[in-house]
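Chemist: Could you have a look at this structure, given as structure tokens, before my questions?
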Amino acid sequence: MPEEEIDMMSDDDMEVDGNEEVPESKRKVYIPGVSRPLRDDEELEFDPEAYHLFHTFETILHAAKIEHAGNVNRIRGARLGVSAIAAVWNDFGKVQLWNLTDGLKTVEQIEGGSITKQLKQVPIYTFDHKSEGYGLCWSPMKTGMFATGDHKHLIYVHTMSEGGTWATNSRPFSDHSESVEDIQWSNSEENLLMSCSVDKSLRLWDIRARPKDACVCVVEDAHESDINVISWNATDFLVSGGDDGVLKVWTPRSLQQKMPVATFKHHKAPITSVEWCPTESATFIASGEDDQTTIWDLGVETDSGETLPDIPPQLLFVHMGQKEIKEVHWHRQIPGVALTTSLTGFNVFRTISV
């Protein structure tokens, strides 16, 4: 609500004079929903100082770059002792392990403006699949163990031996009939892992068994179309997302009964990523090809007096503004902070809901 006249200058001409004093009585901030309604003869005007600030803000980015052959299908990191290791799926059908320890040290030592330094490294381990793939997950229970799944519906388990050598099971798990899209290890049982596939099934595996006997539970037609992503939390809740745009939540018992405990239809396009919150066991985040990132809370109870049409009460928050969102993740050290990757870049945000 202006109580002084402001001359709105062009971007080129506008400079904020830090020495110009404006009486404090003239400065007022309008807060929607808190300040009184505007009178008919009043209107809001943008503060030139804020305008200048918005147009001069610059993000400083320090990075280290490692040359990698082929496109990256999926990347997952783990700590092995004091080393930071990244497992990378590429479109040449190779899964490679890279030691990022030196790269992280390099980034920490960079000072000044935005700088990217080139590093020369070679992978510490390479495994050749018969085709490319996307399934990739480190075990949270056993250090140095990870699983990979490819388009030929095969799942391999890789383990680190003494001396830093790596071994891969010679007989893969092969019960899926089409491409393995995602893999998740149990957070409570070292030898159990879950997989999802283009064949629309969810499969639970016990890696101690022979490959032909390893599938201990299967849910056929768990979704109406391809299942793209899954996430398994510490309390044994599993969330799955598919090409049908549907999110489904499962428990060990509901998997045996072939029925989800919750189904959410909000996204208008295939689901691209899901992940449970590490600090709130009933909360998860999801993204879709409809350019939405959504946060859900299973602990919210339905109240018929407060629900909105076509909006599930468990939907806490919708984040938009990006194109072709590929992955969403929670920050492990800062509660409630989420990160997204997309065609239009990275977003880092935090809501008041989590």
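Note that the working numbering gives residue 369 to position 354 of the sequence shown, counting from 1, and the numbers run on in steps of one.
Beta carbons are placed, not taken as given, at the ideal position from N, Cα and C, and that holds for glycine.
1) If we call anything under 8 Å between Cβ atoms a contact, is D221 one with D241?
2) Apply the 10 Å Cβ neighbour rule to V363 and answer buried if 16 or more other Cβ atoms are within range, or exposed otherwise.
3) For a quick check, are the C-beta atoms of G159 and W104 less than 8 Å apart?
4) Is it a yes or a no for the segment 350-361 touching the segment 287-306, going by three-plus beta-carbon pairs under 8 Å?
5) Quick check on T287: does DSSP put it in helix, strand or coil?
6) D197 by DSSP, collapsed to three states: which one?
7) Hey, H238 and K273: beta-carbon distance below 8 Å or not?
8) Cα-Cα, which of E196, V261 and S189 is closest to P226?
9) May I have the straight-line CA-CA distance separating I81 from I340, to the nearest angstrom?
10) Could you round the C-beta distance between V343 and T298 to whole angstroms and report it? I think they count as a contact, below 8 Å.
11) For L76, count neighbouring C-beta atoms within 10 Å of its own C-beta (all shown protein chains included) and say buried if the count is 16 or more, exposed if not.
12) Along the chain, where does the alpha helix (DSSP H) containing Q337 start, and where does it finish?
13) On a Cα-Cα basis, can you pick out the residue from P327, I326 and A301 that is closest to T355?
14) To the nearest angstrom, report how far apart R186 and L169 are at their CA atoms.
Modeler: From the atom records:
1) Indexing the sequence shown from 1 puts residue 221 at position 206. Indexing the sequence shown from 1 puts residue 241 at position 226. No, the pair does not count as a contact, with Cβ atoms beyond the cut-off.
2) Numbered from its first residue, the sequence shown carries residue 363 at position 348. Burial call: exposed.
3) Taking the sequence shown and counting its residues from 1, the one referred to as residue 159 is at position 144. Taking the sequence shown and counting its residues from 1, the one referred to as residue 104 is at position 89. At least 8 Å separates the beta-carbon of G159 from that of W104.
4) With the cut-off at 8 Å, the segment 350-361 and the segment 287-306 touch.
5) Walking along the sequence shown from the start, residue 287 turns up at place 272. Three-state DSSP puts T287 in a strand.
6) Counting from 1 along the sequence shown, the entry for residue 197 is found at position 182. Looking at D197 - three-state DSSP - the assignment turns out to be strand.
7) Taking the sequence shown and counting its residues from 1, one reaches residue 238 at position 223. Taking the sequence shown and counting its residues from 1, one reaches residue 273 at position 258. Against a cut-off of 8 Å, the Cβ pair of K273 and H238 comes out as no contact.
8) Counted from its first residue, the sequence shown places residue 226 at position 211. Ranking E196, V261 and S189 by Cα distance to P226 puts S189 first.
9) Reading the sequence shown from its first residue, position 66 is the one you call residue 81. Reading the sequence shown from its first residue, position 325 is the one you call residue 340. Roughly 23 Å separates the two Cα atoms.
10) By one-based count along the sequence shown, residue 343 stands at place 328. By one-based count along the sequence shown, residue 298 stands at place 283. About 13 Å; that fails the 8 Å criterion.
11) Reading the sequence shown from its first residue, position 61 is the one you call residue 76. Within 10 angstroms of the beta-carbon of L76 lie fewer than 16 other beta-carbons, which makes it exposed.
12) For this step, residue 337 is matched to residue 322 along the sequence shown. First-last for Q337: undefined, no H or E at that position.
13) As a first step, residue 355 must be located in the sequence shown, where it is residue number 340. Of P327, I326 and A301, the smallest CA-CA separation from T355 is found for A301.
14) For the purposes of this step, residue 186 is taken as residue 171 along the sequence shown, with counting starting at 1. For the purposes of this step, residue 169 is taken as residue 154 along the sequence shown, with counting starting at 1. For R186 and L169, the gap between their C-alpha atoms comes out near 9 Å.
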